[in-house]
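First the structure, in the form of structure tokens, and then the observations on it.
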Amino acid sequence: MPSDKIGDMFEVPGDRLRELTSEIDSQGRKITYLGEQLQSADAAIKALIEQKDNAYTERNYLVAVISKIWPAHIMRHQPEPDPNWDKEWHTVVCVHIAGHHCAWHIHDSERHIFVHLEDSPVAVHGYDGMTIPEKYRILSTLPVTWPAG
Numbered sequence: 034m035p036s037d038k039i040g041d042m043f044e045v046p047g048d049r050l051r052e053l054t055s056e057i058d059s060q061g062r063k064i065t066y067l068g069e070q071l072q073s074a075d076a077a078i079k080a081l082i083e084q085k086d087n088a089y090t091e092r093n094y095l096v097a098v099i100s101k102i103w104p105a106h107i108m109r110h111q112p113e114p115d116p117n118w119d120k121e122w123h124t125v126v127c128v129h130i131a132g133h134h135c136a137w138h139i140h141d142s143e144r145h146i147f148v149h150l151e152d153s154p155v156a157v158h159g160y161d162g163m164t165i166p167e168k169y170r171i172l173s174t175l176p177v178t179w180p181a182g
């Protein structure tokens, strides 16, 4: 049986060497495939993040409109939220609607959408403890203020 010498210490029979080389090639193809899959997954994740960011931007423009209709202010989250929160999401827009404080966190990069609001160092009238479902229930029950039809 022919053999090939590997290094100075090992002698591997030719058939075994071809088998090992084939296994290495197969593993290499698998690694290449996994790398391609990882790149594809990374691109998909980036696209989803962009969609999420665009949805927040759209929401923020609507919150800006609402904040031009009712009294509102912009502030930093008080007290400081969980230390694991991204510090660029500590800005809060608070709109006073129907006797409640409807608040939305916005990313600092979108403060320019709210230049019409005055910064408040503390929450005006304090936080009333409204939950997100309560906030949207209040918004959904507001009366129509213009003639529909």
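Positions 34 to 182 (the numbering used here) are the ones given, in order, by the sequence shown. Each residue gets a CB set at the ideal place from its N, CA and C atoms; glycine is no exception. No experiment lies behind these values; they were computed from the predicted model shown.
His133 beta carbon less than 8 Å from that of Met163 | Yes, the Cβ-Cβ distance between Met163 and His133 is below 8 Å.
Using a threshold of 8 Å, state whether the C-beta atoms of Glu143 and Asn93 are closer than that.
-> yes
To the nearest angstrom, report how far apart His138 and Asp75 are at their CA atoms.
-> 27 Å
Integer-rounded CB distance, given that His129 should sit under 8 Å from Ala105 = 7 Å
Using the C-alpha atoms, what's the distance from Ile64 back to Ala77?
-> 20 Å
Test item: CB-CB of Cys127 and Leu172 under 8 Å | no
Selected residue, minimal CA-CA separation from His140, among Glu121, Asp48, Ser100 | Glu121
Given Asp152 as reference, the closest of Pro176, Ala131, His110, Pro116 once Cα atoms are compared | His110
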